[in-house]
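The structure under discussion appears below in the form of C-alpha cells.
Number of protein chains: 2
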Amino acid sequence: MEETPSAEAEAESAANAPQKGTVTQRAIERIKAMIADGGLEPGQRLPTERDLAARLGISRSSMREAIRALTVLGVLEARHGSGIYVTQLEAGDLLETFGVVADLSRGPRLVELLEVRRILESTATALAAARITDDQLAEVEKHLTAMNATDDPEEILAHDLAFHREIAAAAGNETMAAMLEGLSSRTFRARVWRGYQEEGAFARTRREHAAIHRALVAHDPEAARAAAAAHVGEVEEWLRSQLRP
Amino acid sequence: MEETPSAEAEAESAANAPQKGTVTQRAIERIKAMIADGGLEPGQRLPTERDLAARLGISRSSMREAIRALTVLGVLEARHGSGIYVTQLEAGDLLETFGVVADLSRGPRLVELLEVRRILESTATALAAARITDDQLAEVEKHLTAMNATDDPEEILAHDLAFHREIAAAAGNETMAAMLEGLSSRTFRARVWRGYQEEGAFARTRREHAAIHRALVAHDPEAARAAAAAHVGEVEEWLRSQLRP
DNA sequence: GAGCCGTAGTGGTCGGACCACCTCCATGGT
DNA sequence: ACCATGGAGGTGGTCCGACCACTACGGCTC
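The listed protein sequences correspond, in order, to chains A and B. Quick note on numbering: this note's numbering labels position 184 of the first sequence as 184, and the sequence is numbered without any gaps. To convert, take the position in the second sequence, counting from 1, and add 245; that gives this note's numbering.
What follows is the structure, encoded as C-alpha cells:
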C-alpha cells in the first residue's frame with residue numbers, strides 16, 4: 001500500500017483512476033458505474049453539479065458535459081432549478097435515442113432497419129395475439145376504424161402508429177415495444193411514407209391491418225405473425241426496389 | 246432552411262426559432278438536422294467549435310455540450326488538435342450506446358432484453374445458415390474449437406461472443422449485428438454468466454453451440470433458428486427463475 | 001529528397017460570473 | 001389553526017476569457 005498523506009478526497013480518487021481518456025469521459029464512466037453498482041437508485045437525486053465536480057476533482061464545465069452526455073442517453077434528467085435525477089431507467093427512457101439512429105439512417109441501412117422491425121413486429125404481434133385482453137383489443141379497434149374513416153394522410157399515419165403501438169404494448173415486453181417505437185418514429189415513417197403512399201398503398205395498408213386485427217381477435221399467433229411480417233415486408237420490398245436504380 | 250449569412254443571420258435565425266428548450270438542445274437539433282438534410286456528409290469535417298458557436302449565436306461552452314451529446318450518440322467524432330468530424334454513420338457507430346442500455350438494465354428488464362436477443366439471434370442464425378460462406382464457416386469453427394479447448398471462463402466467454410458475432414455478421418445485416426453486439430456486450434454477458442456457470446452450464450453451452458454449428462454446416466435455416474432460440478432461451482429461463490423468489 | 005522542427009490552429013480544461021427557475025419557509029392575513 | 005403570499009437561497013443554464021495538450025502543416029536543415 002502507498003502512504004496516505006491525509007490527502008484530499010479528489011486527489012485520492014484521481015490516483016485510483018489514472019488518465020484513461022478525457023476527463024469528461026472518465027466522469028461519465030464514474031457516474032455510470034455508480035448507477036450500475038447500485039450506489040444511485042432510479043429516481044434518486046444526485047449531488048449538485050458543483051459538488052460532483054469537486055468530488056471528482058474536475059471543473060464544473062467538464063462535469064456538465066458528462067451530465068449532458070448521460071442526459072441524452074436517457075440515464076439522467078436535469079430539472080432546472082431543482083437538481084439532477086436518475087431516471088426510472090425504464091425501456092422508454094433508455095431507448096429514446098434509438099429513434100435518432102433511425103432518423104439518421106439512409107439508403108441500405110433503412111432497409112436493414114426495416115428488416116429488424118419486421119422481425120420484431122411479427123413476433124410482437126404473435127405474442128399479442130396470445131395475450132391481448134378485450135380492453136386492449138378495443139383500443140386497437142378504435143385506431144383501426146379511425147384510420148379507415150379518414151383520408152388525411154397525416155391522420156392515417158398517426159392512427160397507424162398508434163395501432164401498432166397498442167399491439168406492441170399488448171405483447172407484454174416493454175423493451176421490445178420501446179425499440180419498435182424507435183423504429184417507427186415520426187420522421188422515419190414520414191420519410192418512407194412520402195413516396196410510398198403515392199402508389200395507392202392506403203387500400204393495401206387497410207387490408208393488411210384488417211388481417212392483423214382478424215388474427216388478434218382469433219387469438220391466432222401464427223396468423224398474426226404472418227400478417228404482420230407481410231405488412232412490414234411490403235414496405236420493405238418497396239424500399240428495396242427504390243434503392244436499386 | 247439556411248439563410249445567406251449577410252450580417253446578423255445568426256441573430257435572425259435565433260429569433261426565428263424562439264426558445265423551444267435549452268440553447269444546447271436547440272444546437273443539438275440544428276446539427277442533427279444539418280446531417281439529416283445532407284448538409285453534412287459522413288466523414289466530413291465540421292467548422293471549429295468557436296465558429297459553430299458564433300454561427301448559432303451561442304457560447305462555446307453550450308456548443309461543446311451539444312457536440313459532446315452528439316459524440317456519445319456516435320454521430321460526431323472529436324479528434325483532439327484536428328477537428329470535429331461526422332462519423333460514417335454506420336450501424337456500429339450509432340448503436341454503440343445500445344450496450345449502455347444493457348449494462349444499466351436489471352431485474353425484469355434483463356429478461357426482456359434477453360427475449361429480444363433470442364428473437365433477433367434466432368433469426369440471424371437462420372439467415373446465416375442460408376448465406377454463410379465456407380470462409381465464414383471456418384471462422385466460426387475456429388472459435389468453436391477454441392472454446393472447447395480451454396476451461397478458462399474468461400477465454401470461453403470471449404470465444405462465445407466471437408462465435409455469435411461471426412454468425413451475426415454472416416447474416417448480412419450489419420444493423421442487426423450491431424444490435425446483437427450491444428445485447429451481448431461484455432458487462433451484460435459477464436454479469437449473467439457469473440451465476441450461470443455455477444450450474445455446470447459449460448457442457449450444455451458447448452452442446453448447444455455444436456448444434457448451431459451443425460445447422461450452419463447443413464445450411465438448414467430452420468434447424469439453425471431452433472438451435473439458436475433454444476440456446477438463448479436456456480439462459481433466459483434460468484434468469485427468469487432467478488428472479489422469481 | 002528525406003527527415004526534423006517550430007508554429008499556428010484545434011479540441012480539452014479550467015475558474016468565475018451572472019441569469020432563470022424552482023423550492024421552501026417565514027410572513028401575514030383570514 | 002389554516003392558507004395564500006412573498007422573498008431568499010439554492011439549483012441548473014449560459015456566457016466569458018484564459019490556458020493547456022495535441023495535431024497538422026509548412027519551411028528548414030542536412
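Even for Gly, the Cβ is constructed at its ideal location relative to N, Cα and C.
Check: Buried versus exposed call for B:D380 [16 or more other C-beta atoms within 10 Å across all chains shown]; Outcome: exposed
Check: Neighbour list for A:E112 in chain B, Cβ cutoff strictly below 8 Å; Outcome: A336, N418, E419, T420, M421
Check: Short Cβ contact (7 Å threshold) for A:L216 with A:I132; Outcome: yes
Check: Residue(s) in a DSSP beta bridge with B:I537; Outcome: Chain B is shown only over 246 to 490; residue 537 of chain B falls outside these bounds and no answer can be derived.
Check: Contact list for B:L365 against chain A, beta-carbon separation under 8 Å; Outcome: V116, I119, L120
Check: Backbone CA spacing between A:A66 and B:V331 [nearest angstrom]; Outcome: 20 Å
Check: N- and C-terminal bounds of the beta strand (DSSP E) containing B:E322; Outcome: 321-324
Check: A:G83: first and last residue of the uninterrupted beta strand (DSSP E) it sits in; Outcome: 83-86
Check: A:E121 versus B:E360: straight-line alpha-carbon distance, rounded; Outcome: 13 Å
Check: Bounding residues of the alpha helix (DSSP H) (the contiguous stretch that carries B:P398); Outcome: 398-415
Check: Outcome for A:M34 when other beta-carbon atoms lying within 10 angstroms are tallied against a minimum of 16; Outcome: exposed
Check: Check whether A:A27 and A:L56 have beta carbons under 7 Å apart; Outcome: yes
Check: The stretch 329-349 of chain B touching the stretch 92-111 of chain A, judged by at least three CB pairs closer than 8 Å; Outcome: yes
Check: CA nearest to the CA of A:A158, picked from A:A168, A:M147, A:A178; Outcome: A:M147
Check: Cα-Cα separation, B:L214 to B:L339; Outcome: Since the first and last residues shown for chain B are 246 and 490, residue 214 of chain B lies out of range.
Check: Meets three-Cβ-pair contact criterion under 8 Å: the stretch 475-483 of chain B and the stretch 450-461 of chain B; Outcome: yes
Check: Contact list for B:L318 against chain A, beta-carbon separation under 7 Å; Outcome: V72, T97, V100
Check: Entirely enclosed beta strand (DSSP E) segments - the stretch 264-347 of chain B, minimum 3 residues; Outcome: 321-324, 328-331
Check: Close beta carbons around A:A124, own chain, < 6 Å, minus the five adjacent residues each side; Outcome: A168, A171, M176
Check: 7 Å Cβ cutoff, B:L297 in contact with chain A; Outcome: no
Check: Spatial neighbours of B:E443 in its chain, beta-carbon cut-off 7 Å, leaving aside the 5 residues before and after; Outcome: none
Check: Chain-ordered residues of the stretch 283-315 of chain B with a beta carbon less than 7 Å from chain A; Outcome: S306, R309, E310, R313, A314
Check: Pair within 7 Å by beta-carbon distance, A:R50 and A:R60; Outcome: yes
Check: Interface flag, A:A17 vs chain B, CB-CB below 7 Å; Outcome: At A:A17 the pLDDT is 49, less than 50, meaning the model places this residue with poor confidence; the figure from the coordinates comes in the next sentence. A:A17 does not count as touching chain B.
Check: Cβ neighbour criterion (16 or more within 10 Å) applied to B:L488; Outcome: exposed
Check: Chain-ordered neighbours of B:R485 on chain A, where CB pairs are closer than 8 Å; Outcome: What B:R485 touches in chain A: nothing, since even the nearest Cβ is about 13 Å away.
Check: Sequence ranges, alpha helix (DSSP H) only - wholly within the stretch 210-240 of chain A, length at least 4; Outcome: none
Check: Nearest neighbour of B:Y526, chosen from B:E286, B:E481, B:K265 [CA to CA]; Outcome: Residue 526 of chain B cannot be examined here, being either before or after the span of chain B that is shown, 246 to 490.
Check: Partners in chain B for A:M179, counting only beta-carbon separations shorter than 9 Å; Outcome: V361, M424
Check: Contacts of B:A378 in chain A (Cβ-Cβ under 7 Å); Outcome: The displayed chain sequence assigns Thr, not Ala, to residue 378 of chain B. Per Cβ cutoff of 7 Å: no residues; B:T378 is ~19 Å from chain A at best.
Check: Three-state secondary structure assigned by DSSP to A:G195; Outcome: helix
Check: Chain-ordered residues of the stretch 140-155 of chain A with a beta carbon less than 8 Å from chain B; Outcome: none
Check: Host alpha helix (DSSP H) of B:G427 (start-end); Outcome: 419-428
Check: Secondary structure of A:S122, DSSP reduced to three states; Outcome: helix
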